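In what follows, a single structure is set out as structure tokens and then discussed.
Protein chains in written order, with this note's numbering: chain A, 1 to 478; chain B, 479 to 739.
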């Protein structure tokens with residue numbers, strides 16, 4: 001059966017094509033000059049450049065973290081190019097008609113038409129290609145509701161007060177090695193502001209595409225939900241199939257003011273590398289949100305790509321009665337390595353957090369859950385429930401769980417449940433005896449295992465995520 | 479009658495599990511519409527026979543032949559045997575958490591339809607059929623939404639197996655100790671379900687340790703399996719004889735054979 005599963009897992013990576021776009025790409029290398037040039041390309045104000053440079057100086061003093069259960073050669077930060085943008089984007093096209101058709105075709109091929117009439121109604125998209133945002137749809141419609149949804153590079157100019165106030169407020173510059181690097185060299189990403197009391201009329205989403213070779217993608221997303229507002233946001237990511245590893249080090253900051261709610265979903269499908277572990281994206285991401293009084297932040301992630309993942313979307317539950325949620329499916333196969341989980345920091349009274357993590361390992365991959373639940377002394381009556389389930393497919397993969405629990409308040413309640421199971425011979429036999437081929441059987445069993453998480457995704461994306469798992473598992477059974 | 483083409487023909491079958499030979503020269507011929515009961519003591523190879531016929535991994539055929547509808551069954555993959563009309567009702571049905579019964583059953587039915595070159599059944603039509611099947615096996619319709627066998631009682635699991643059989647409409651059903659763990663009421667429901675499915679183009683192999691099930695499902699033939707082969711065949715009255723006398727008198731013979739050998 002293991003053989004069957006391995007075969008089923010040896011699938012094609014459908015998003016692995018390269019777009020033929022003429023780009024302006026920096027020479028590899030990183031120093032203050034490169035940062036000044038990035039800032040210049042973006043026409044940034046002085047304060048933004050200073051912020052970048054101070055982060056860079058901090059970064060130079062920091063050490064690359066080695067505590068995660070992942071193994072990869074040291075990254076040579078001088079061999080990476082820190083900026084790449086299609087030449088056609090230099091003149092900042094004013095409308096879709098002016099955007100290079102090849103760029104539009106790229107997104108269409110990925111199933112994300114950017115022409116509003118063809119899009120799923122009710123979803124606005126910001127499309128980020130290498131270091132720049134290509135287009136942001138439905139902006140006028142959102143503006144009517146007072147919602148700001150634009151590339152962060154644009155927000156720096158248009159909404160400097162908001163950016164200045166909140167950038168680095170949830171993930172400080174020197175939070176960690178990759179976050180500091182991102183602060184220094186970030187190129188684009190999305191900026192969202194939902195005004196007081198507004199329920200965002202559409203789903204917002206950002207689609208990240210790496211195209212150019214030897215470049216890193218350092219996007220930055222900042223979402224501010226003002227008092228009593230509500231927003232649902234989704235991000236997707238893909239990259240061409242290349243033999244070299246590429247670095248993706250993003251920072252996402254969420255601010256949920258009193259009574260606000262942010263739902264943040266990710267379907268991550270970066271190129272995972274080939275069966276022998278050659279190529280693929282290093283996905284080293286810092287995502288964190290802060291909840292003020294009665295606010296709620298919910299992270300849902302479906303991670304199927306990347307050769308190495310290092311990612312812990314977290315919630316700081318600062319306000320009383322605030323709620324943090326983390327729902328995760330992480331699938332690894334081939335030689336993929338994932339070390340992912342969350343941190344729930346309970347500061348306010350009666351704060352609640354829920355963690356549901358489903359790890360699926362196949363092939364020779366390694367999949368770790370790493371999570372921290374901390375109850376601060378003031379977190380009177382706080383509660384956490386954690387459930388970590390691991391599913392093993394075949395007998396050469398690994399699943400690991402590293403739960404850290406720190407409780408400094410005796411009234412806090414923390415529950416942790418964990419299970420490890422295998423796709424059993426009996427289950428496979430039952431499915432096949434009813435006429436299902438082994439691939440279908442495995443994908444059905446895996447989808448069933450992930451159900452609790454999929455039901456948290458916006459509907460359109462739940463279907464997408466299910467299909468993604470199906471493709472990911474193709475050939476993993478024999 | 480004797481000229482009717484056989485549905486299943488097993489000739490001199492030898493099969494092993496983990497290098498240990500369990501089936502040791504088994505012959506059996508089943509015609510369309512017939513119900514054959516296979517009885518025998520524990521360890522005789524009754525369940526193994528079902529697994530070998532349905533192609534479970536780890537059950538290897540050493541020699542002999544099996545044809546289903548004239549096709550070489552042993553050449554087929556497990557799923558192809560199912561699509562060719564072979565159905566095994568499990569003694570211990572396994573759970574598949576999170577996969578709804580409805581989703582599982584529709585995928586199974588569609589896989590089999592696809593193999594016959596038919597289109598997938600529409601969700602509305604399937605739901606109608608599935609609800610009717612639930613009713614017939616006395617399972618609340620809510621079971622369609624629950625995970626496959628997830629948290630079902632023993633009896634519910636067996637009825638769920640029967641429901642799958644009703645929906646898949648196989649040519650050959652192998653019931654592997656379907657009576658085990660059932661109380662008399664559940665047994666009757668299952669037996670009625672099976673009886674309702676008896677027809678001129680559907681055959682059954684009813685594997686059971688006890689005669690009790692055969693009070694409700696009347697077999698055309700009864701075979702006694704002992705030490706991997708059929709040591710005695712007869713009509714329904716053989717089952718009653720076994721009930722009265724046990725299996726010991728039948729097991730003597732092969733033991734003597736072995737001594738001579």
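Note that beta-carbon positions come from the ideal geometry of N, C-alpha and C, so glycine has one too.
Source: prediction; values computed, not measured.
Quick one: using the 10 Å Cβ neighbour count with 16 as the cut-off for buried, is residue i buried or exposed?
{"i": "residue 332 of chain A", "result": "buried"}
{"i": "residue 338 of chain A", "result": "buried"}
{"i": "residue 310 of chain A", "result": "buried"}
{"i": "residue 271 of chain A", "result": "buried"}
{"i": "residue 169 of chain A", "result": "exposed"}
{"i": "residue 622 of chain B", "result": "buried"}
{"i": "residue 233 of chain A", "result": "buried"}
{"i": "residue 737 of chain B", "result": "Because the pLDDT at residue 737 of chain B is just 44, under 50, the model does not fix this residue reliably, and the value given afterwards should be weighed accordingly. By the 10 Å Cβ count, residue 737 of chain B comes out exposed."}
{"i": "residue 47 of chain A", "result": "exposed"}
{"i": "residue 51 of chain A", "result": "buried"}
{"i": "residue 600 of chain B", "result": "exposed"}
{"i": "residue 82 of chain A", "result": "buried"}
{"i": "residue 634 of chain B", "result": "buried"}
{"i": "residue 718 of chain B", "result": "exposed"}
Hey, how far is the Cα of residue i from the Cα of residue j?
{"i": "residue 713 of chain B", "j": "residue 448 of chain A", "result": "46 Å"}
{"i": "residue 366 of chain A", "j": "residue 266 of chain A", "result": "21 Å"}
{"i": "residue 383 of chain A", "j": "residue 86 of chain A", "result": "49 Å"}
{"i": "residue 611 of chain B", "j": "residue 641 of chain B", "result": "6 Å"}
{"i": "residue 211 of chain A", "j": "residue 243 of chain A", "result": "13 Å"}
{"i": "residue 548 of chain B", "j": "residue 486 of chain B", "result": "8 Å"}
{"i": "residue 660 of chain B", "j": "residue 597 of chain B", "result": "37 Å"}
{"i": "residue 429 of chain A", "j": "residue 570 of chain B", "result": "12 Å"}
{"i": "residue 257 of chain A", "j": "residue 162 of chain A", "result": "14 Å"}
{"i": "residue 282 of chain A", "j": "residue 581 of chain B", "result": "36 Å"}
{"i": "residue 59 of chain A", "j": "residue 173 of chain A", "result": "9 Å"}
{"i": "residue 444 of chain A", "j": "residue 676 of chain B", "result": "32 Å"}
{"i": "residue 511 of chain B", "j": "residue 563 of chain B", "result": "14 Å"}
{"i": "residue 328 of chain A", "j": "residue 524 of chain B", "result": "44 Å"}
{"i": "residue 603 of chain B", "j": "residue 585 of chain B", "result": "14 Å"}
{"i": "residue 575 of chain B", "j": "residue 423 of chain A", "result": "11 Å"}
{"i": "residue 31 of chain A", "j": "residue 159 of chain A", "result": "28 Å"}
{"i": "residue 254 of chain A", "j": "residue 326 of chain A", "result": "14 Å"}
{"i": "residue 33 of chain A", "j": "residue 61 of chain A", "result": "18 Å"}
Does the CB of residue i have a neighbour CB from chain E at under 9 Å?
{"i": "residue 456 of chain A", "result": "Judged by its chain identifiers, the structure shown contains no chain E, and its protein chains are A and B."}
Identify which residue in the options has its Cα closest to the Cα of residue i.
{"i": "residue 150 of chain A", "options": "A:221, A:404, A:346, A:344", "result": "A:221"}
{"i": "residue 705 of chain B", "options": "B:716, B:495, B:500", "result": "B:500"}
{"i": "residue 619 of chain B", "options": "B:626, B:609, B:625", "result": "B:609"}
{"i": "residue 262 of chain A", "options": "A:224, A:272, A:276", "result": "A:224"}
{"i": "residue 238 of chain A", "options": "A:287, A:255, A:305", "result": "A:305"}
{"i": "residue 693 of chain B", "options": "B:724, B:665, B:709, B:507", "result": "B:665"}
{"i": "residue 505 of chain B", "options": "B:490, B:672, B:518", "result": "B:490"}
{"i": "residue 387 of chain A", "options": "A:413, A:418, A:412, A:381", "result": "A:418"}
{"i": "residue 299 of chain A", "options": "A:32, A:188, A:458, A:228", "result": "A:458"}
{"i": "residue 278 of chain A", "options": "A:336, A:84, A:392", "result": "A:336"}
{"i": "residue 385 of chain A", "options": "A:359, A:412, A:376", "result": "A:412"}
{"i": "residue 293 of chain A", "options": "A:284, A:301, A:316", "result": "A:316"}
{"i": "residue 198 of chain A", "options": "A:145, A:236, A:17", "result": "A:145"}
{"i": "residue 495 of chain B", "options": "B:483, B:625, B:643, B:534", "result": "B:534"}
{"i": "residue 647 of chain B", "options": "B:674, B:685, B:578, B:497", "result": "B:674"}
{"i": "residue 370 of chain A", "options": "A:399, A:49, A:196, A:451", "result": "A:399"}
{"i": "residue 186 of chain A", "options": "A:275, A:128, A:302", "result": "A:128"}
{"i": "residue 439 of chain A", "options": "B:589, B:507, B:688", "result": "B:589"}
{"i": "residue 593 of chain B", "options": "B:578, B:577, B:625, B:557", "result": "B:557"}
{"i": "residue 322 of chain A", "options": "A:330, A:297, A:308", "result": "A:297"}
Quick one, are the C-beta atoms of residue i and residue j less than 9 Å apart?
{"i": "residue 320 of chain A", "j": "residue 351 of chain A", "result": "yes"}
{"i": "residue 515 of chain B", "j": "residue 701 of chain B", "result": "yes"}
{"i": "residue 682 of chain B", "j": "residue 544 of chain B", "result": "no"}
{"i": "residue 572 of chain B", "j": "residue 627 of chain B", "result": "yes"}
{"i": "residue 16 of chain A", "j": "residue 246 of chain A", "result": "no"}
{"i": "residue 142 of chain A", "j": "residue 183 of chain A", "result": "no"}
{"i": "residue 651 of chain B", "j": "residue 565 of chain B", "result": "yes"}
Extract the residue ranges of the beta strand (DSSP E) inside the region 526–605 of chain B, only unbroken runs of 3 or more that lie entirely within it. 537–546, 564–567, 574–578
Can you give, in chain order, each stretch of the beta strand (DSSP E) that sits fully within the region 375–463 of chain A and has at least 3 residues? 383–392, 398–407, 413–422
Tell me the start and end of each unbroken beta strand (DSSP E) in the region 262–341 of chain A that is at least 3 residues and wholly inside, in chain order. 280–291, 296–303, 308–311, 314–317, 323–332
Can you check the region 150–218 of chain A for any alpha helix (DSSP H) of at least 4 residues that lies completely inside it and give the ranges in chain order? 152–158, 160–166, 177–185
My parser needs the beta strand (DSSP E) runs of 3 or more residues fully inside the region 62–108 of chain A; what are they? 84–86
Counting only runs of 4+ residues fully inside the region 612–670 of chain B, write out the alpha helix (DSSP H) ranges in chain order. 632–646
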